[in-house]
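Worksheet: the structure to be examined is printed underneath.
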Amino acid sequence: MKKFLFIFVILILTMSIGCSKVSGKDTQAIKAPDNNNLKIKGVWSIEDISILDNEIENKEEIMNLKSSLISITNNKFSILNKVYSNPKYKLKVVDETYVLSYELNLKLGDVLEEESKLDLISIIDSNTIV
C-alpha cells in the first residue's frame, strides 16, 4: 500500500509540475532580428552575361540587357524596370559542389573557377526566388 501511495504522489507531482499553460502572447512575441548590414546594397550595373542553355530562344534580347541597372536596398529590389517591395534576402555559404540547377545538372564549380567558399544571396519575393 505504501508503494502504491508513493507512486501515486510522485505521479501527481510530476503531472502538476511538468504541465503548464503557455499563453499565446509568448509565442507571438518571437520575431526574427532585422539585419541592417546588407553587403550588396546599392546600384549595380550588369557587366557580363553568360547564357548556359544553348537552346534558349531569346538569346539576343538577353544579351541586350548588358549595362542595365539593378537597385538593391533593404526594402526594395528593382531589376529591368520591375520593382519588388519588401524582398527577403537569404545568405548561404556554398562551395563548388553546390547545385545551381538540377535540370541542367549544373554546379557552381561549372560556372565559377574559384574553389573557395562563396556567399550565395537569394532574393525572395512572395515565396519565390527572383
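Count the sequence shown with the working numbering and you get residues 98 to 227, in order.
Even glycine gets a Cβ: it sits at the ideal position worked out from N, Cα and C.
Inspect the beta-carbon positions of residue i and residue j and report whether they are closer than 8 angstroms.
i: Y195; j: L135; result: no
i: I143; j: K173; result: no
i: I159; j: I146; result: yes
i: D156; j: V190; result: Per the sequence shown, the amino acid found at residue 156 is Lys instead of Asp. The answer is no: Cβ separation not under 8 angstroms.
i: S165; j: L149; result: no
i: L209; j: L203; result: no
Closest to residue i by C-alpha separation, out of the options, would be which residue?
i: N171; options: L162, K163, N178 and S182; result: S182
i: L217; options: I153, V106 and L205; result: L205
i: N151; options: L201, I220, V140 and V106; result: L201
i: K138; options: S175, V106, I107 and F105; result: S175
i: L188; options: V208, I220, K128 and L108; result: I220
i: I226; options: D192, E212 and P184; result: P184
i: K179; options: D222, I104 and I107; result: D222
If you count every other CB in all the chains shown that lies within 10 Å of the CB of residue i, and 16 or more means buried, which is it?
i: I169; result: buried
i: F101; result: exposed
Quickly, what does DSSP pair residue i with across the bridge? List them, please.
i: V227; result: Bridge partners of V227: none, in fact.
i: Y186; result: I220
i: G139; result: I169
i: K204; result: V196
i: K179; result: I176
i: L215; result: V191
* To do: Quick one: which unbroken alpha helix (DSSP H) runs of 4-plus residues sit fully inside the region 148-174? Chain order, please.
  => 156-160
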